[in-house]
Amino acid sequence: MPIPSEAAQLALFAPYCGGLSRQADLQRALRLLAQRSLKGERPLQGGRVHRFTLCWQGARSPLELCSCQLCFPDIQALTYTFDVSTHQLVDWLMDWPEFGGQGDLPNRFWKWLLLGSEESVCG
Numbered sequence: 002m003p004i005p006s007e008a009a010q011l012a013l014f015a016p017y018c019g020g021l022s023r024q025a026d027l028q029r030a031l032r033l034l035a036q037r038s039l040k041g042e043r044p045l046q047g048g049r050v051h052r053f054t055l056c057w058q059g060a061r062s063p064l065e066l067c068s069c070q071l072c073f074p075d076i077q078a079l080t081y082t083f084d085v086s087t088h089q090l091v092d093w094l095m096d097w098p099e100f101g102g103q104g105d106l107p108n109r110f111w112k113w114l115l116l117g118s119e120e121s122v123c124g
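Each residue of the sequence shown is one higher than the last, beginning at 2 in the working numbering.
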């Protein structure tokens with residue numbers, strides 16, 4: 002099945018991710034979504050960081066479940082696997098830094114991952 006055009010994806014995801022009020026962030030997040038992975042760094046106290054890699058599969062439509070894997074290269078035994086709706090993943094990706102480099106996922110992602118918060122929604 003072909004990948005929908007950027008305009009079609011924008012129309013599909015906008016209702017779940019704040020409408021068009023964050024259109025530029027949504028467009029950038031949809032481009033990241035197509036990459037199926039990203040690498041980042043989670044800042045820690047004392048200027049240290051945890052490097053991470055987030056990979057996903059099956060991300061095509063907003064309500065489709067997306068299988069994700071979060072790995073920490075410096076901590077071989079630590080891997081999280083989880084499923085989330087694709088619009089939720091896109092919402093987290095909307096806060097990824099615009100200008101490349103090693104970014105970080107938003108705090109609400111880490112809260113959801115570690116505490117199981119159900120409050121994480123788009124917008």
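Backbone N, C-alpha and C fix where the C-beta goes; we use that ideal spot for every residue, glycine too.
Asked	Found
Could you say if the segment 61-70 and the segment 39-51 meet the contact criterion of at least three C-beta pairs nearer than 8 angstroms?	no
Output the distance between the C-alpha atoms of residue 82 and residue 9, rounded to the nearest integer angstrom.	29 angstroms
Could you give the residue range of the alpha helix (DSSP H) that holds residue 92?	87-94
Measure the alpha-carbon distance for residue 164 versus residue 6 and round it to whole angstroms.	As displayed, the chain neither begins before 2 nor continues past 124, which places residue 164 out of reach and without an answer.
With distances taken from CA atoms, which of 91, 67, 71 is nearest residue 16?	91
Which ranges would you report for the beta strand (DSSP E) in the segment 42-67 if only whole runs of at least 3 residues count?	50-58
Tell me which same chain residues have a C-beta within less than 8 angstroms of the C-beta of residue 51, skipping the five on either side of it?	42, 43, 45, 73, 75, 76
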